[in-house]
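First up is the structure itself, then whatever we jot down about it.
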Amino acid sequence: MSAFLVQFDLDAVSERLSRRLGSRIAADDVREILTRAGLVESRRGWLAPDLRPLMLLYAGRPMFGR
């Protein structure tokens, strides 16, 4: 079984989500979201057996522009 190594700055993701949602989202909450999406935290980053959940995180994001 293959896995993809993905690196996230949990604090940066936390800040971005907080701004978009208008409510404070802690880095621990981001960690829980990633874990529930099927990713596994390792020393080097997050192991994702499937990238589709990550693609869904950005589904609402415009591809060009902002």
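Taking numbering that gives the first Met the number 0, the leading residue of the sequence shown gets 0, the next gets one more, and so forth. Where a beta carbon is used, it is the ideal one built from N, C-alpha and C, also for glycine.
- Query: From what residue to what residue does the alpha helix (DSSP H) around Leu9 run?
  - Reply: Boundaries of the alpha helix (DSSP H) harbouring Leu9: 9 to 20, taken from the DSSP string.
- Task: Within its chain, find whatever has a CB closer than 8 Å to the CB of Ala25; leave out the 5 residues flanking it on each side and keep chain order.
- Result: Ser13
- With DSSP as the reference, label Leu33 as helix, strand or coil. Correct three-state label for Leu33: helix.
- Query: What distance in whole Å lies between the Cβ atoms of Ala36 and Pro52, which are believed to be in contact at a cut-off of 8 Å?
  - Reply: About 4 Å separates the two Cβ atoms, so the contact holds.
- Measure the Cβ-Cβ separation of Leu50 and Phe3 and say whether it is below 7 Å. yes
- Using the beta-carbon count (16 or more within 10 Å), is Val29 buried or exposed? Around the beta-carbon of Val29, 16 or more other beta-carbon atoms lie within 10 Å, marking it buried.
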